[in-house]
Structure formats: structure tokens, C-alpha cells
Amino acid sequence: MSTLFGVLRKKMLAPSLASVGFAERGFPVTPSAATVKLEAVPQAVVCGFEWAIEGASLWELERRLELVEPEQRGFAYEGATMGCSILDAMPGGGRNRTRELLEGPGKPHIFLTYIGIGFAMARLPRPLWKNILPELSEVPYHPTMSWLAVDGYGFDRAYFDTRRWVDERAEPEPYPWAGRPDYFPRAFDQGVGRALWFINGGDPRAVAEAVKRFPEQRQADLWSGVGLAATFAGGCDRAGLAELRRSSGPHHAELALGAVFAVKARTFSSFVPRHTHAAAGALTDLTVEAAVELADRTEVAPDLAAPEPPYEVWRERIRAGFGAGEHRRAG
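Adding 6 to a residue's 1-based position in the sequence shown gives its number in my numbering.
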């Protein structure tokens, strides 16, 4: 049950549904059935955030989130994780809400709940980031995939401060996430790439043009973010996906890499929409099942000693599968 303080927090911190819409953000998007569906993604995030920031119990929060349709439920969990992370960071807020959510009902959505932590990072001063990632036990892909929190931070900044991070192509100040400040800008750019998919309403030509305005050395990570967003969130038909693939040119392996991670996240949550099947075939030449098999056989141990973070080693192994032509074509 919500408290008075919870209602006040929601009123002060939660954006309106309209404010996260494409028109309100000033994005160059022509409204269509596809863009309405894409807009439902940030709206689902807002709903999850509102429910969590009110301070509802974990039981009540889970029941509310279960009312969200399966296709959008993971995004609502993103917002809920954002709310829990902010509450945990507040003075006297404790540090257990996020952990209990991620170890409990949020576990099937772990890929997206990490992103929700990144959304919270965008609203908290950097000194509070030190403890924002909870210690998790028996949660798959932890802490390897915790870099998705930095991805979420990059997405948030590009979506809500588009002039600076997209138009002016600013670069973030490195932060020692997982002890690797050198990798922080790369994970950030992967989130910016995801945001470009939404900012341009899933228009493959506009997305490709947006990516190519960035310096060449940043484009690979941007393309992987685009592939993840197009495959997980949808918003584009088969012809558009084919155009997106052609436009990626020498960065097709990165586009496909993002698509594989999206498929893995969808299957782990036990709901794979039709658009994810379509994107897997169009962007990777893989069935959903083959994409999962590729992700599973290239997975790395979280304590792997390597020059790159285990997260990037996993990404490199998936990319190599495409570059070497090891993947099976969808039948």
C-alpha cells in the first residue's frame, strides 16, 4: 500500500506518460501504429517506476507488474528497478529493495533490471553510484551483464538530453564500473545506440544516418545497441529490417550481436514476441533457437581473467561467430 510520502515522491520524481512520448521529446518521428507501440516502451517504464517509488511492498509491486502485458512487462520491471534503486540510495532508505526485486520476481528480467539501475544512475550524483549495484546471489549472468546498467545510463542520457548526447555527440566522463573505467564509454555508447532506435521511431534509414554522424570509432558499439533495440522492442517490418542490415555495412556483426543478446533476454524472460523472431532471422540469419544456442555456447565465466571485461569477451565471441560464418541460416 502506498504511503503519503510515497505519493509525494511519485509526484515529484515520476515523469508523465506524455512527457516520455516522441512528440513531447521533439523526436523527428512520423506517428504510425509502429511508433505508438514503441512509445509504449518508455510508458511502461514510467508505470513500473511509479509503482516502486511509492514504496509499495515487494508483494504488491510484483502483483502490479504482473498486470502488464507480457511483451511490455520487462520494461515495467526496468522502471521498478529504477525506483527501488533510488529509494535504496536515499538517506534511511536501506539497501535491500533492489536486491530483493532482482533476486525475486525480477530474476527472469535480469537483463532489463540492470538497465533500470542505469536509469537510476542518471538521476543520482556519482558518489552514490558506488553502492548502487547490489550483491546478488544465485542470479544468472551476475555480475557479467551488469554492464547493462551503464548501457541504461547511456540510453537515458541520449533519450532525455538528446541535444548534448546525440546532436553534439558528447562523450561521458569515464567511471570505474566493475573496476574498468576504460570500458565505461563503450557500454555507454551501446545504450546511446538503443536510444537512437527510439529517437528515430524505428525508421531504419534515419537510424543509420544518425549512427553515421558519430565518429567512426564509436559506431560499432552504437550498431550493437541498435540491433538490441530493434530485436527486443520491435517497431520495424521485414523490409525495414533488411534495409537496416544493409545500412550497417561493415558493422553487421555488431548489429547481429545486439540482436543475439536481445533474443537471449527475451527467451530468458519466457516470452518471445513475433517481432523478435522476425528480427533474428533478418539481422542474423538465425532462428531464435539458434541465436540462443550461439549465446549459450560462447558465454564466459564472470571471473575470467582477460584484457577485456567478461561482458566484452562474451560479445567478442558472439561477433566472431558471425565473422567466421559459423552460424546456421534460418530455415
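For every residue, glycine included, the Cβ atom is placed at its ideal position computed from N, Cα and C.
In this text, all values refer to a predicted model and were calculated from it rather than measured experimentally.
Alpha-carbon spacing of residue i relative to residue j, whole angstroms
i: A39; j: G241; result: 9 Å
i: Q223; j: V217; result: 11 Å
i: F238; j: S276; result: 13 Å
i: A201; j: P97; result: 31 Å
i: W229; j: G197; result: 10 Å
i: G199; j: Y120; result: 17 Å
i: V47; j: V145; result: 25 Å
i: M127; j: D162; result: 9 Å
i: S25; j: T150; result: 33 Å
i: T168; j: A235; result: 17 Å
i: P76; j: G160; result: 25 Å
N-terminal and C-terminal residue of the alpha helix (DSSP H) that residue i is part of
i: A286; result: R280 to T290
i: H258; result: H258 to F274
i: I59; result: A39 to I59
i: A245; result: R244 to S254
i: M88; result: P76 to A95
i: R69; result: L64 to E72
i: F277; result: Note, F277: premise wrong, no alpha helix (DSSP H); not H, not E.
i: L108; result: R103 to E109
i: L127; result: In the sequence as presented, Leu is not what sits at residue 127; that position holds Met. First-last of the alpha helix (DSSP H) with M127: I116 to M127.
Residues near residue i in its chain [Cβ-Cβ closer than 8 Å; skip 5 each side]
i: F190; result: V156, P178, P180, Y181, P182 and W183
i: F328; result: H258, A259, A262, L263 and T290
i: G246; result: G208, D209 and P210
Cβ-based neighbour list, residue i, same chain, cut-off 6 Å, excluding 5 preceding and 5 following
i: R325; result: A259 and L263
i: V35; result: F28, T41 and G207
i: E106; result: L64
i: R306; result: Note that residue 306 is Val in the sequence shown, not Arg. Within the same chain, V306 has close Cβ partners P316, V319 and W320.
i: S254; result: W229 and L261
i: A301; result: V266 and K270
i: G80; result: H115, L118 and S275
Cβ distance (whole Å) where residue i is taken to contact residue j below 8 Å
i: G158; j: I205; result: G158 to I205, Cβ: 16 Å. No contact.
i: V269; j: A248; result: Not confirmed; about 18 Å, so no contact.
i: F55; j: G89; result: 5 Å
i: T104; j: D94; result: 5 Å
i: F125; j: E84; result: 7 Å
i: V213; j: L250; result: 7 Å
Other residues of its chain near residue i: CB distance less than 7 Å, five sequence neighbours each side excluded
i: G331; result: Bear in mind that a pLDDT of 40 at G331, under 50, signals an unreliable position, so the model cannot answer this.
i: A176; result: R170
i: K113; result: V145
i: L142; result: R105, L108, E109 and H148
Which runs of the alpha helix (DSSP H) spanning at least 4 residues fall entirely within the region 154-231, listed in chain order? Counting only unbroken stretches of 4 or more residues, the alpha helix (DSSP H) elements lying wholly within the region 154-231 are 190-205 and 210-218, in sequence order.
Where are the alpha helix (DSSP H) runs, 4 residues long or more, that stay fully inside the region 287-324, in chain order? 294-304
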